Amino acid sequence: MKNLIFILLIAFGLFLALFFYRKYALTQTELTLANQRILDRDRLIYNNEKKLDALKSNNPGIAKGSENFSGSSDLGTLSDGDLTRLQEKGLTSPETNLREDLLSKQNMLLPKGSLGGTMAIQKVKVLNDRYVLAYFEDGHNGGYLLLRFSIEPDKRINWKVLDYYLM
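If you count by the numbering used here, then the sequence shown holds residues 7 to 173, one letter each, in order.
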């Protein structure tokens with residue numbers, strides 16, 4: 007009887023050893039595949055960055071334009087003529103006044119959010135004395151909004167959505 011228990015314990019131990027070795031081998035295979043996917047993505051990113059750099063060097067105007075909107079400053083792009091016209095209409099600090107007014111009215115202007123999110127304007131770019139481009143998102147989706155504004159004699163700002171694009 008003691009020999010039978012001993013043989014069963016050895017068989018059970020061998021079974022556990024084979025079971026854990028198989029799990030180890032499967033984990034190693036999955037890890038190798040995951041590392042390969044990461045390397046493939048890294049190569050793809052590197053190649054895309056090289057292509058982007060080549061495009062930027064061939065077309066410097068495009069590089070400046072894309073950095074202009076995504077840069078750290080949302081303000082300071084109006085020409086002197088645009089600033090003067092807006093100040094004549096009663097805005098003391100046109101870019102700041104327009105941005106604050108747009109942010110206060112964003113709930114009426116933006117499309118509905120998805121998955122329970124609420125769209126909110128993140129960046130505002132005053133293009134000239136009539137148009138504004140704004141980036142908005144809800145944490146799931148984002149997009150751009152092209153707006154036209156007009157300033158009433160009582161300094162009230164009216165906004166009209168010309169177009170928007172969801173990404």
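We treat Cβ as the ideally placed atom computed from N, Cα and C, and that holds for glycine.
Please read these numbers as outputs of a predicted model, since none were measured by experiment.
DSSP three-state assignment for residue i, whether helix, strand or coil
{"i": "Glu158", "result": "coil"}
{"i": "Leu172", "result": "strand"}
{"i": "Leu15", "result": "helix"}
{"i": "Ala69", "result": "Residue confidence is low: Ala69 scores 49 on pLDDT, short of 50, so the model does not pin down where it sits. Its coordinate-derived value is still stated next. It is helical."}
{"i": "Gln42", "result": "helix"}
{"i": "Gly77", "result": "In this predicted model, Gly77 has a pLDDT of only 47, less than 50, meaning its place in the structure is not dependable; the value taken from the coordinates is given anyway. Coil, per DSSP."}
Distance CB(residue i)-CB(residue j) smaller than 9 Å
{"i": "Trp165", "j": "Leu89", "result": "no"}
{"i": "Arg136", "j": "Arg154", "result": "yes"}
{"i": "Pro117", "j": "Gly149", "result": "yes"}
Nearest-angstrom beta carbon gap, residue j and residue i [assumed within contact, 8 Å]
{"i": "His146", "j": "Leu121", "result": "5 Å"}
{"i": "Val132", "j": "Leu84", "result": "6 Å"}
Inset, instruction - Jot down the residue ranges of each uninterrupted beta strand (DSSP E) in the segment 95 to 165, minimum 3 residues, whole runs only, in chain order. - result: The segment 95 to 165 contains these whole beta strand (DSSP E) runs: 126 to 132, 137 to 143 and 148 to 157.
Inset, instruction - Give a yes or no on contact between the segment 84 to 104 and the segment 142 to 149, applying the rule of three or more CB pairs nearer than 8 Å. - result: No, the segment 84 to 104 is not in contact with the segment 142 to 149.
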